[in-house]
Every structure is written in structure tokens, then in C-alpha cells.
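The structure under discussion appears below in the form of C-alpha cells.
Numbering (our numbering), first residue to last: 123 to 295.
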């Protein structure tokens, strides 16, 4: 079996995966289609002071499938609602090379240990929870480009002082 990329309508990746899984049950296609992947990453956001977990797709509008792509399997998948086409040239679907598959599977595994992704905006009131300024409260002044570091204006000895902290060291108030 080889790996192929199916292009879908936006936000239809999980519906297409479900349609493929249900459509092959009890048919001859079960032996022609292997794994169906949607590479995702778990991210964590602080929303209203609570930690919220969500799954973010790494490649929007793409589903990766392992299949023996016969004409019947190709037609079955192309005919599913939400599927636009296979990645390839014209009517010929191109399979992924072994290196590309290993890289994709490596990305998926690596992102299972997710990095934290926080939603902060300048002007938010926050409390520092770790580090030398623990328990200080302040207002977010700036965010780094990757949003992993924040500059917070805190009051120290009656003066406003900018303090740089990591985003996982603060919580919203």
C-alpha cells in the first residue's frame, strides 16, 4: 500500500475520514484502504482563567490515506461528499515518497507532545504565577512574535516596571 493525499473542502476533513471508514465497512475496499490520518496537534489556551484543550489541524483541507489505489477505490473516494480531488497531476494521484511519509508521521508524533498556545492580547489584566515576580498583577503591554513571551507592566515600589515573562507563567484575571 502507498500513501496518498486527499484534498477536501474546508472543515470537511473529519467528515471525509468518517465517510471513508463507514463506506468501506463490509466491502472489498477494506483490504485496499489502510490508515486514514488527519495530522493534528493538541494546543492549550487560557480562556477566562481556565485552561482549555483543543485539537488543531496541521494541514487544513487534507486527509492522508494509505491505500492500494485501484480505479474503483479512486472513484469511490472521489465520489464522497466533501472530497475535491487527490493531490497529483490531472487525473493521476501521486503517492507520497517514503521520506515524506516518515516526515509526516514524525510531525504527527512530535506534536502529540503539544507546545502550549495561549491567547493573550495587549491590555489584558494578568497575574504572574511563577518566577521572581510571582503573585504580581499587571497589564500586558506587548507579546513576542511567537506569543510565548509577554511584557507585563507591574507596579514595583509605586513605579510601573515592564517585566518579561513566559506565557505559561501567567494567568488571566
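All residues carry an ideal CB built from backbone N, CA and C; glycine is no exception.
Review point. Is residue 241 helix, strand or coil when you go by DSSP?
Key: coil
Exercise for review: Look at the alpha carbon of residue 211 and the alpha carbon of residue 190, and state the distance between them as a whole number of angstroms.
Suggested key: 18 Å
Practice item. For the alpha helix (DSSP H) holding residue 145, just list the boundary residues, first then last. Key: 135 to 146
Practice item. Return helix, strand or coil for residue 188, following the three-state DSSP convention. Key: strand
Exercise for review: Answer yes if the segment 285 to 293 comes into contact with the segment 242 to 262, meaning at least three C-beta pairs across the two stretches below 8 Å, and no otherwise.
Suggested key: yes
Review point. Alpha carbon to alpha carbon, what distance is there between residue 275 and residue 285?
Key: 6 Å
Check your understanding: Which residue's Cα is closest to the Cα of residue 124: 228, 267, 219, 199?
Key -> 219
Point to revise | Pairwise C-alpha distance: residue 186 and residue 154 | key: 14 Å
Review point. Can we say the segment 261 to 275 touches the segment 243 to 250, given the rule of at least three CB pairs closer than 8 Å?
Key: They touch, by the three-pair rule.
Exercise for review: To the nearest angstrom, report how far apart residue 164 and residue 150 are at their CA atoms.
Suggested key: 35 Å
Review point. Roughly how many angstroms separate the alpha carbons of residue 160 and residue 215, rounded to a whole number?
Key: 18 Å
Point to revise | Beta-ladder partner(s) of residue 168, from DSSP | key: 173
Review point. Between residue 162 and residue 179, which are expected to be in contact by the criterion C-beta below 8 Å, what is the C-beta distance as a whole number of angstroms?
Key: Confirmed, Cβ separation roughly 6 Å.
Practice item. For residue 140, count neighbouring Cβ atoms within 10 angstroms of its own Cβ and tell me buried if that reaches 16, exposed if not. Key: Classification of residue 140: exposed, given that the 10 Å Cβ count is below 16.
Check your understanding: To the nearest whole angstrom, what separates the beta carbons of residue 167 and residue 267, a pair I think is in contact under 8 Å?
Key -> Contact doesn't hold; Cβ gap of about 18 Å is too wide.
Check your understanding: In its own chain, which residues sit with a C-beta less than 6 Å from the C-beta of residue 157, not counting the 5 before and 5 after it?
Key -> 188
Point to revise | residue 177, buried or exposed, once every other Cβ within 10 Å from all chains shown has been counted against 16 | key: Burial state of residue 177 is exposed, judged by a 10 Å Cβ sphere holding fewer than 16 other Cβ atoms.
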